[in-house]
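J.:
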Amino acid sequence: MTIMVGGMSKQIYLPFMLAKQLGYYDKIGVNVKLVDEPAGGDATENMLAGQVQGVGGFYDHNIALQAQGKSSEAVVSMLQIPGEVELCRSDLKGVVKSPADFKGRSLGITDTGSSTDFLTQYLSKKNGVDPSQETRRGVGAGQTFIAAMKQKAIDCGMTTEPTVSQAISDGTAFILLDMRTAEGSKAALGGTYPATSLYMQTDWVDQNKPTVQKLVNAYVSTLAWIQQHDGAAIADKMPAAYYKGVGKDAYVHALDSEKGIFNPTGLMPEDGPKTCLAVLGEFNPKVKGKSIDLAKTYTNEFVKAATPVS
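FYI, our numbering numbers position 304 of the sequence shown as 704, with every residue one higher than the one before it.
Right, dumping it as structure tokens:
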């Protein structure tokens with residue numbers, strides 16, 4: 401089966417490749433092809449078109465899909481908090497002190513309609529800025545994000561590791577908001593915001609339960625492996641290309657500093673879906689005003705039945 405991941409080299413999506421590097425796909429007997437797609441929204445469209453069977457992306461896409469009359473569900477929760485960081489250009493230190501200063505600013509997001517788009521709008525409004533008074537630009541992550549900041553195409557932007565460490569280490573940016581910790585995430589968003597998950601169309605899940613169970617076994621085992629190892633051990637398992645831009649030392653440091661973002665169990669955090677709905681219900685026009693049955697946007701069935709991969 402094919403799983404499309406919304407930015408494979410981002411540390412927030414690390415479990416998908418780590419499971420492969422640990423040999424878990426072979427051990428469970430499922431031929432998994434991982435496909436990289438920098439924007440989560442595009443990955444979702446590929447799933448709906450039947451081009452891929454699963455998506456490695458933010459859980460909140462399932463809420464947006466239900467609002468459009470489509471049925472999908474997250475079968476394992478990999479991140480209990482977003483792991484996102486709002487960076488601002490170094491020359492704006494002391495000028496931009498909080499999202500209250502976003503008015504008239506150009507703000508970097510992964511892409512229009514992405515989770516970073518809605519999170520950015522939510523942070524703006526929460527701090528008294530109408531999102532229509534800012535410009536949000538899709539600049540991806542990694543080198544394209546950093547280039548946009550260096551060229552002053554964006555003033556601030558939301559991104560993840562290892563882009564964060566690279567932008568900080570070379571003096572390009574400073575951290576405005578840090579959602580790599582539970583405390584930072586709750587302060588910024590008002591609650592737990594489950595992010596990375598494996599989600600699929602509900603019909604596909606129902607028709608392929610044995611395969612889904614095997615995959616969840618692999619990912620629950622991967623999440624447990626992450627908890628038992630430090631950043632250096634994890635980095636040693638990852639392809640060198642994943643830390644080439646930032647350097648292995650910085651990549652390891654980033655992993656150690658944000659290891660708490662990874663969900664140790666794979667179970668959906670209890671208050672998480674409500675927080676996601678609050679954000680999307682505010683700014684996603686497809687969700688606003690719609691009645692959403694959150695229980696149908698995820699399932700813990702497979703995680704609760706998971707058995708470790710040896």
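Note that the Cβ used here is the ideal one computed from N, Cα and C, for glycine as well.
Since A474 and Y459 are thought to touch, with beta carbons under 8 Å apart, how far apart are those beta carbons, to the nearest angstrom?
T.: The Cβ separation is near 5 Å, so the contact holds.
J.: Measure the beta-carbon distance from I661 to R580 and round it to whole angstroms, keeping in mind my assumption that it falls under 8 Å.
T.: So it is a contact: roughly 6 Å between Cβ atoms.
J.: Please list, in chain order, all residues of the same chain as V605 whose beta carbon is under 8 Å from its beta carbon, the five residues on each side excluded.
T.: Hits under 8 Å: E473, V475, V612 and T699.
J.: Going by beta carbon distance, what residues of the same chain come within less than 6 Å of M447, once the five residues before and after it are set aside?
T.: Closer than 6 Å at Cβ, skipping near neighbours: V455.
J.: Leaving out five residues before and five after S490 in sequence, what residues of the same chain have Cβ atoms less than 8 Å from its Cβ?
T.: These residues qualify, in order along the chain: G571, T572, A573 and F574.
J.: Just to confirm my understanding: we take S471, look at its own chain, exclude 5 residues before and 5 after, and list those with CB closer than 8 Å. What are they?
T.: The answer, listed in chain order, is L465, Q601, T602, D603 and K696.
J.: According to DSSP, is F574 part of a helix, a strand, or is it coil?
T.: Strand at F574.
J.: What is the residue span of the alpha helix (DSSP H) that T544 lies within?
T.: Its alpha helix (DSSP H) spans residues Q543 to K550.
J.: Within 8 Å, do at least three Cβ pairs link the stretch 642-653 to the stretch 679-687?
T.: Short answer: they don't touch.
J.: In three-state DSSP terms, what is G456?
T.: Strand.
J.: Which class does Q451 belong to by DSSP, given the choice of helix, strand or coil?
T.: Coil.
J.: How about V405 and E437: are their beta carbons less than 8 Å apart?
T.: In contact: V405 and E437 (Cβ atoms closer than 8 Å).
J.: DSSP three-state label for M600, please.
T.: Of the three classes helix, strand and coil, the one that applies to M600 here is strand, per DSSP.
J.: Using beta-carbon positions only, say whether A553 and V529 come within less than 8 Å of one another.
T.: The answer is no: Cβ separation not under 8 Å.
J.: Quick one, which of Q421, L422 and V452 has its alpha-carbon nearest V435's?
T.: Nearest of Q421, L422 and V452 to V435, Cα basis: V452.
J.: Does the stretch 534-542 come within contact of the stretch 627-635, defined as at least 3 CB pairs closer than 8 Å?
T.: Judged by Cβ distances under 8 Å, the stretch 534-542 makes no contact with the stretch 627-635, as fewer than three pairs qualify.
J.: Over what stretch of residues does the beta strand (DSSP E) that includes S477 continue unbroken?
T.: First-last of the beta strand (DSSP E) with S477: S472 to S477.
J.: Using 10 angstroms around the beta-carbon of K614, count the other beta-carbons present and answer buried if the total reaches 16, otherwise exposed.
T.: So K614 counts as buried.
J.: With DSSP run on the structure shown, which of helix, strand or coil describes Y698?
T.: Of the three classes helix, strand and coil, the one that applies to Y698 here is strand, per DSSP.
J.: Counting C-beta neighbours from all protein chains within 10 Å, is the total for V495 16 or more, i.e. buried, or is it exposed?
T.: Exposed, because fewer than 16 other Cβ atoms sit within 10 Å of the Cβ of V495.
J.: For T622, does the count of other Cβ atoms within 10 angstroms reach 16, so buried, or fall short, so exposed?
T.: Looking at its Cβ environment, which holds 16 or more other Cβ atoms inside 10 Å, T622 is buried.
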